[in-house]
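Residue numbers for the sequence shown, in full-length UniProt numbering: 1 to 254. Using N, Cα and C, we set each Cβ at its ideal position, and we do this for glycine too.
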Amino acid sequence: MLDEFQKNSIKPYIEMAKEKKIGLTQSAGRYAEDSGKEEFIWKDIQEKLCLVQSDSLLDLGVGFGPLASKVINYCIKEKKTGYFYDIPEVIENLKTEYAAPNIHFLKGFFPYGADEFLNSDITFDSILIYSVIHYTSKPFEFVKEAARKLKTGGRMLIADIPNVDKKGRFLCTENGRKFHAAYKKIPLNDVPIYKNQADFVFKNENQNKVINDQLISKILMEFRAFGYDVYILPQNEDLPFSKTREDILLIRNY
Numbered sequence: 001m002l003d004e005f006q007k008n009s010i011k012p013y014i015e016m017a018k019e020k021k022i023g024l025t026q027s028a029g030r031y032a033e034d035s036g037k038e039e040f041i042w043k044d045i046q047e048k049l050c051l052v053q054s055d056s057l058l059d060l061g062v063g064f065g066p067l068a069s070k071v072i073n074y075c076i077k078e079k080k081t082g083y084f085y086d087i088p089e090v091i092e093n094l095k096t097e098y099a100a101p102n103i104h105f106l107k108g109f110f111p112y113g114a115d116e117f118l119n120s121d122i123t124f125d126s127i128l129i130y131s132v133i134h135y136t137s138k139p140f141e142f143v144k145e146a147a148r149k150l151k152t153g154g155r156m157l158i159a160d161i162p163n164v165d166k167k168g169r170f171l172c173t174e175n176g177r178k179f180h181a182a183y184k185k186i187p188l189n190d191v192p193i194y195k196n197q198a199d200f201v202f203k204n205e206n207q208n209k210v211i212n213d214q215l216i217s218k219i220l221m222e223f224r225a226f227g228y229d230v231y232i233l234p235q236n237e238d239l240p241f242s243k244t245r246e247d248i249l250l251i252r253n254y
């Protein structure tokens, strides 16, 4: 069952899907001024997942913005098996836009109601979770369930993670404040001053605070104990939220 946080987190995307706002950068949770940067995001994803060596891809929370278009069209063009999972309203839009024998769409709020899929024999060389886990109140459980579908030797990229502690570390610096002022086009004096990252976390209620250093460390330590190689990776500077977000790459050894 979805809790209130999860229900509220998907409401904007349900509305955008109903209004057929397909292909907009904003439909993927980014700002309009970041339009066009999907090319850099897609390049980063391909490199980190080594997609050229992959025959199958599972995209959890695919969305319906420009990045989704790039991922789906790539699978169609390269004849790679692609499974794309998202809430029903999003998937219904995608199904009207894309059709190919190697493309499959799955509806739901992963992992709820996904037992049939999770218990099936199908596994993937690559799993992509891009700018998604902050929409759930149980991110570790989300990642753990997703990893069940990864082949031995496969790669899973949990990307664009809005770690509230990382964001706080950046925004409590003078450089961070100047960057924020320039990005938002506001006077520097209008940017709050924080004593440290804990002060930022305490004062900002519009953040999913379970996406934090503790979660990053838990994924790193527990999945290494499970037999995975796990890496915390920075984002390239040309990505929209590179100053405040980070990626995790998991490689399944056995």
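_First and last residue of the uninterrupted alpha helix (DSSP H) at V164_ = Its alpha helix (DSSP H) spans residues 164-171.
*Cβ of K195 within 7 angstroms of any chain D Cβ*: Absent here is chain D; the protein component of the structure consists of one chain.
*Give me the Cβ distance between I122 and L150, rounded to the nearest whole Å; I'm assuming they're in contact under 8 angstroms.*
Not quite, the Cβ-Cβ distance comes to about 11 angstroms (not below 8 angstroms), so this is no contact.
_Can you tell me whether I251 is helix, strand or coil according to DSSP?_
DSSP places I251 in strand when its eight states are reduced to three.
*Might you give, ordered along the chain, the residues of its own chain that have their beta carbon closer than 6 angstroms to the beta carbon of V62, omitting 5 neighbours on each side?*
Non-local C-beta neighbours of V62 in its own chain, meaning closer than 6 angstroms and more than five positions away in sequence, comprise A68, F84, D86, ordered along the chain.
_Proximity to R177 [Cα-Cα], best of I211, Y194, I10, N163_ = Closest option to R177, judged by alpha-carbon separation, among I211, Y194, I10, N163: Y194.
*Compute the Euclidean distance between the alpha carbons of A146 and F140, then round it to the nearest angstrom.*
Distance from the CA of A146 to the CA of F140, rounded to the nearest whole angstrom, comes to 10 angstroms.
*Count the C-beta pairs between the segment 207-222 and the segment 244-253 that are closer than 8 angstroms, then say yes if the count reaches three, no if not.*
In short, these stretches touch, since the Cβ pair count reaches three.
*Going by CA-CA distance only, name the one from P187, D229, S131, D190 that's closest to T244.*
Ranked by Cα distance from T244, the options P187, D229, S131, D190 are led by S131.
*Helix, strand or coil: which one does DSSP assign to I105?*
Ile is not the amino acid found at residue 105; the sequence shown has Phe there. If DSSP states are grouped into helix, strand and coil, F105 belongs with the strands.
*Length at least 3, wholly inside the UniProt domain "Methyltransferase type 11" (58-158): the beta strand (DSSP E) runs in chain order*: As far as the UniProt domain "Methyltransferase type 11" (58-158) is concerned, its whole beta strand (DSSP E) runs of at least 3 residues are 81-86, 103-107, 124-130.
*Is it right to say I186 is buried, meaning 16 or more other beta carbons lie within 10 angstroms of its own, or is it exposed?*
The Cβ neighbour count for I186, taken over all protein chains shown within 10 Å, is under 16; the residue is labelled exposed.
*Would DSSP call S56 helix, strand or coil?*
Three-state result, S56: strand.
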